[in-house]
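Going by my numbering, the sequence shown opens with residue 992, and the numbers climb by one from there. All remarks here apply to the structure that follows.
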Amino acid sequence: MSSTRASASPLFVPHKASRAEQRAARAGFAEARHKARLAGTPPKHRAEQTLDPELRPTYPPAGRPGASSARGGKLRLPVHRMTTATASGAYPFVAEGGLGAEGVFIGRDVHAEAAFCFDPFSLYNSGRIEDFTNPNVVLAGIIGMGKSALAKSIATRSIAHGYRIYIPCDPKGEWTSVAQALGGYSIALGPGLPGRLNPLDAPARPASVSKEDWATEVRKRRLLLLGSLARTVLKRDLLPMEHTALDLALDLVVAEAAARGTVPLLGEIAHALGSPERLDHALGHQAGHLGSAAQDLAHALRRLVHGDLSGMFDAPSTVAFDPTAPMLSIDLSRLGGSGDDTALVLAMTCASAWMESALADPHGGRRWVIYDEAWRLMRHVGLLERMQSQWKLSRGLGIANLMIIHRLSDLLSAGDAGSRGRVLAEGLLADCSTRIIYRQEPDQLDAAASLLGLTGVETQAVSALTKGRGLWKVAGRSFITQHILHPAERELFDTDARMSENSAEFTNPEALSALRVQEVRR
Ligand SMILES: Nc1ncnc2c1ncn2[C@@H]1O[C@H](COP(=O)(O)OP(=O)(O)O)[C@@H](O)[C@H]1O
Ligand SMILES: [Mg+2]
């Protein structure tokens, strides 16, 4: 055996060294260790500058707080013996493997520390995930957590994958700059603006659909639209006679327009509903007072023709739908500034009907239809019905719908338990295989947990999510994902810009020095 002793430290202390030498070596070692420790912890202000908030771990280095973390020796488990083969299978500390590398890059999976990509169609077609039955997505979270930013990133990045993006209603007008920057366009509607959309426009017939089938399809869409407009204004369901009246009025107007070679207009429908003799005459042998039963309907549709929305939806469209544009949004920000949502909802109905009928071509390629601020639509059964039919069609048409709401209880505001609105809203949620939950208010956690079947750990995680971070439930699999914005995207999507415009004046050093110069001159 050798008479000298070695340690793993770089400092080598011979056995026979004198006490003085040993002391000097120990002092040198202590100093080196101190230096190493200092080098590991940079000064505080530097740490703040360099630590990217997006890259913060979800939990502190000591792990998840609370009793269930089993720190402090509180957790007592009975001894359990097993083979190493079983132990390796039972190992609990495993992060999800992610959804694969197909699709657009979203950001970082914070548990697996891996890139997170998402493409509803590749997931749907590959069948890699069980129960992934549709490409629709619901995104819920409180204001300012980055929901719109995520939707805009998905849209922007999907264009590179050949998708086209449609925003049927943009109540805040925040998609206009995005659409323009990406080579698309935006139609602004509002009092005094030149834009007009005729929601009764018949879209071009896809080559694969026969003439008769297409005529039936167009008629069905128009009836659905008229029904939801009437229901929104009347705030009730339609009576059987009113349905008949709508039917007849539509057929009358369409026949007249076809004879003239023009497109049918909403005003003409309202006019036909307001002429009792014409309706009774059209009904023929079935005696009844259809004319008088349609009075409520006539007044309801009049609002679109002569009321606050006059002109916007009662004239031939001023723009043609361009199926080659990568992005199209309908800016409704000039509407509905007052507390009453009805005008905005009517406009959304007309605008989305116009756009959705233009999207009916099954060969139109893959498309995202994004309903930003969709919570405003949830209270209106007519709109829910239209959305539901759109949802059902989505797979066949190659469309993925993305609906953005604030809280999951927005879905419950559609009506009492068991009511038609509630059933429709719950159906919409069930038809979204992907649910993305951003931060929720504490009082919303229970509703979210029960609607989505969240576990205790997931519920706790949702309450602590930071900006851009969300719980993604993809057909039963869960991920916590940090959405990473490119600096160029951040600039383009910035909705805080308007809020910080004024403060920028005071943080801009040039503006400050200019102020000082003025003061000195005084
Ligand atoms: N992942 C993110 N990283 C950094 N900033 C973000 C992120 N997501 C959103 N933001 C910023 O937060 C602000 C609010 O986002 P926004 O998408 O408008 O919120 P919401 O639609 O949820 O109300 C925007 O100015 C945006 O630039
Ligand atoms: Mg938003």
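Virtual Cβ for every residue (Gly too), placed ideally from N, Cα, C. These figures come from a predicted structure and were not determined experimentally.
For this session: Go through its chain and collect everything with a Cβ distance to Ala1334's Cβ below 7 angstroms, but skip five positions before and after it.
Result: Against the sequence shown, residue 1334 aligns to sequence position 343. Correct list, in chain order: Asp1299, Leu1300, Leu1326 and Gly1327.
For this session: Using the Cα positions of Asp1401 and Trp1366, report the straight-line distance between them to the nearest angstrom.
Result: Here the question's residue 1401 lines up with position 410 in the sequence shown. Here the question's residue 1366 lines up with position 375 in the sequence shown. Cα-Cα distance, rounded: 6 angstroms.
Exercise. Does the beta-carbon distance from Gly1356 to Arg1155 come in below 8 angstroms?
Worked result: Walking along the sequence shown from the start, residue 1356 turns up at place 365. Walking along the sequence shown from the start, residue 1155 turns up at place 164. Taking 8 angstroms as the Cβ cut-off, Gly1356 and Arg1155 qualify as a contacting pair.
Problem set entry | Buried versus exposed, by CB contacts within 10 Å (16 or more), Asn1116 | Taking the sequence shown and counting its residues from 1, the one referred to as residue 1116 is at position 125. Answer is exposed; the Cβ neighbour count stays below 16.
For this session: Report yes or no: do the segment 1406–1422 and the segment 1130–1141 share at least 3 C-beta pairs separated by less than 8 angstroms?
Result: no
Exercise. How would you call Ala1151, buried or exposed, if buried means at least 16 neighbouring beta carbons within 10 angstroms?
Worked result: Within the sequence shown, the letter at position 160 stands for residue 1151. The residue is exposed, with fewer than 16 neighbouring Cβ atoms inside 10 Å.
For this session: Check whether the Cβ of Ser1308 sits closer than 7 angstroms to any heavy atom of ligand 2, and report yes or no.
Result: The count along the sequence shown starts at 1 and reaches residue 1308 at position 317. False, no ligand heavy atom lies under 7 angstroms from that Cβ.
Exercise. Hey, which unbroken runs of the alpha helix (DSSP H) at 4 residues or more fall wholly within the segment 1195–1248?
Worked result: 1202–1225
Exercise. Taking only runs of the beta strand (DSSP E) that begin and end inside the segment 1424–1482, which ones reach a length of at least 3 residues, in chain order?
Worked result: 1425–1428, 1460–1465 and 1468–1474
For this session: Report the option in Phe1096, Glu1208 and Leu1399 whose CA atom is closest to the CA atom of Gly1348.
Result: One-based indexing of the sequence shown puts residue 1348 at position 357. Residue identity check: residue 1348 is Ser in the sequence provided, not Gly. Ser1348 has its Cα closest to that of Glu1208, out of Phe1096, Glu1208 and Leu1399.
Exercise. Using 8 angstroms as the limit for Cβ to Cβ distance, is Ala1179 near chain D?
Worked result: Checking the listed chains, one finds no chain D in this structure; it contains a single protein chain.
Exercise. Can we count Lys1143 as close to ligand 2, meaning its CB is less than 7 angstroms from some heavy atom?
Worked result: Position 152 of the sequence shown, counted from the start, is the residue given in the question as residue 1143. For ligand 2, not one heavy atom lies less than 7 angstroms from the Cβ of Lys1143.
Exercise. Run through DSSP, which three-state label would Ala1103 get?
Worked result: Position 112 of the sequence shown, counted from the first residue, corresponds to residue 1103. Residue state, collapsed to three classes: coil.
Problem set entry | Neighbour-count burial assignment, Leu1068, 16 or more Cβ in a 10 Å radius | Residue 1068 sits at position 77 when you count from the first residue of the sequence shown. It is exposed - the Cβ of Leu1068 has fewer than 16 other Cβ atoms within 10 Å.
For this session: Measure the alpha-carbon distance for Val1254 versus Gly1373 and round it to whole angstroms.
Result: By one-based count along the sequence shown, residue 1254 stands at place 263. By one-based count along the sequence shown, residue 1373 stands at place 382. Each residue's alpha carbon lies about 24 angstroms from the other.
Exercise. Looking only at C-alpha atoms, which of Pro1314, Ala1172, Gly1153 and Ser1177 sits nearest to Lys1163?
Worked result: Counting from 1 along the sequence shown, the entry for residue 1163 is found at position 172. If we check each option's Cα against that of Lys1163, Ser1177 comes out closest.
Exercise. Quick one: what does DSSP say Ala1170 is sitting in, helix, strand or coil?
Worked result: Taking the first residue of the sequence shown as position 1, residue 1170 is located at position 179. If DSSP states are grouped into helix, strand and coil, Ala1170 belongs with the helices.
Problem set entry | Beta-bridge pairing of Met1394 - partner residues as DSSP gives them | The residue you call residue 1394 lines up with position 403 of the sequence shown. Answer by DSSP bridge pairing, in chain order: Val1129 and Tyr1362.
Exercise. Near Ala1250, which residues of its chain fall below 8 angstroms by C-beta distance, leaving aside the five closest residues on each side in sequence?
Worked result: For this step, residue 1250 is matched to residue 259 along the sequence shown. Closer than 8 angstroms at the Cβ level, and outside the excluded window around Ala1250, lies no residue.
Problem set entry | Proximity test, Arg1481 beta-carbon vs ligand 1 heavy atom, cut-off 7 angstroms | Residue numbering aside, residue 1481 sits at position 490 when the sequence shown is read from its first letter. Arg1481 Cβ: within cutoff of ligand 1.
Exercise. Where Gln1379 and Thr1075 are concerned, what is the direct C-alpha to C-alpha distance, given to the nearest angstrom?
Worked result: For the purposes of this step, residue 1379 is identified with residue 388 of the sequence shown, where counting begins at 1. For the purposes of this step, residue 1075 is identified with residue 84 of the sequence shown, where counting begins at 1. Approximately 52 angstroms, taken between the alpha carbons.
Problem set entry | For Gly1186 and Gly1310, believed in contact at Cβ under 8 angstroms, the rounded distance | On the sequence shown, position 319 is the one that residue 1310 refers to. On the sequence shown, position 195 is the one that residue 1186 refers to. The question names Gly, but residue 1310 is Val in the sequence shown. 7 angstroms between Cβ atoms; contact.
Problem set entry | Environment of Ala1440 [buried if 16+ CB atoms lie within 10 Å] | Residue 1440 sits at position 449 when you count from the first residue of the sequence shown. It counts as buried.
For this session: Tell me whether Arg1377 is buried or exposed, calling it buried when 16 or more other Cβ atoms sit within 10 Å of its Cβ.
Result: Here residue 1377 refers to the residue found at position 386 of the sequence shown. With 16 or more Cβ atoms within 10 Å of its Cβ, Arg1377 is classed as buried.
Exercise. From the DSSP output, which residues share a beta bridge with Ile1158?
Worked result: By one-based count along the sequence shown, residue 1158 stands at place 167. DSSP output for Ile1158 lists Ser1320 as bridge partner(s).
For this session: Note down, in chain order, each residue of its chain lying with its Cβ closer than 8 angstroms to the Cβ of Phe1112, except the 5 sequence neighbours on either side.
Result: Start at 1 with the first residue of the sequence shown, and residue 1112 comes out as number 121. These residues qualify, in order along the chain: Pro1126, Arg1357, Gly1389 and Ala1391.
Problem set entry | Distance between beta carbons of Val1360 and Leu1350, contact taken as under 8 angstroms | Working through the sequence shown from its first residue, we reach residue 1350 at position 359. Working through the sequence shown from its first residue, we reach residue 1360 at position 369. About 7 angstroms; that satisfies the 8 angstroms criterion.
Problem set entry | Closest Cα partner of Ala1248 within the set Pro1307, Pro1478, Ala1344 and Lys1143 | The residue labelled residue 1248 in the question sits at position 257 within the sequence shown. Taking only the C-alpha atoms, the option nearest Ala1248 is Pro1307.
Problem set entry | Reduced DSSP category for Ile1097 - H, G, I as helix; E, B as strand; rest coil | Taking the sequence shown and counting its residues from 1, the one referred to as residue 1097 is at position 106. Correct three-state label for Ile1097: strand.
Problem set entry | Heavy atom of ligand 4 within 7 angstroms of Asp1363 beta-carbon | Absence of ligand 4 is noted for the structure shown, with ligand 1 and ligand 2 being the only ligands found.
Exercise. So, are the CB atoms of Gln1451 and Leu1399 less than 8 angstroms apart?
Worked result: Along the sequence shown, one-based indexing puts residue 1451 at 460. Along the sequence shown, one-based indexing puts residue 1399 at 408. Not in contact: Gln1451 and Leu1399 (Cβ atoms no closer than 8 angstroms).
For this session: List in chain order: all unbroken alpha helix (DSSP H) runs of 4+ residues lying wholly within the segment 1367–1424.
Result: 1372–1388, 1400–1403 and 1411–1421
Exercise. Of all the options Leu1237, Met1232 and Leu1230, which has the alpha carbon lying nearest to the alpha carbon of Leu1215?
Worked result: The count along the sequence shown starts at 1 and reaches residue 1215 at position 224. Checking every option, the nearest Cα to that of Leu1215 belongs to Leu1237.
Exercise. Relative to ligand 2, is the shortest distance from any of its heavy atoms to the C-beta of Ser1139 smaller than 7 angstroms?
Worked result: Taking the sequence shown and counting its residues from 1, the one referred to as residue 1139 is at position 148. Correct: Ser1139 has its Cβ closer than 7 angstroms to ligand 2.
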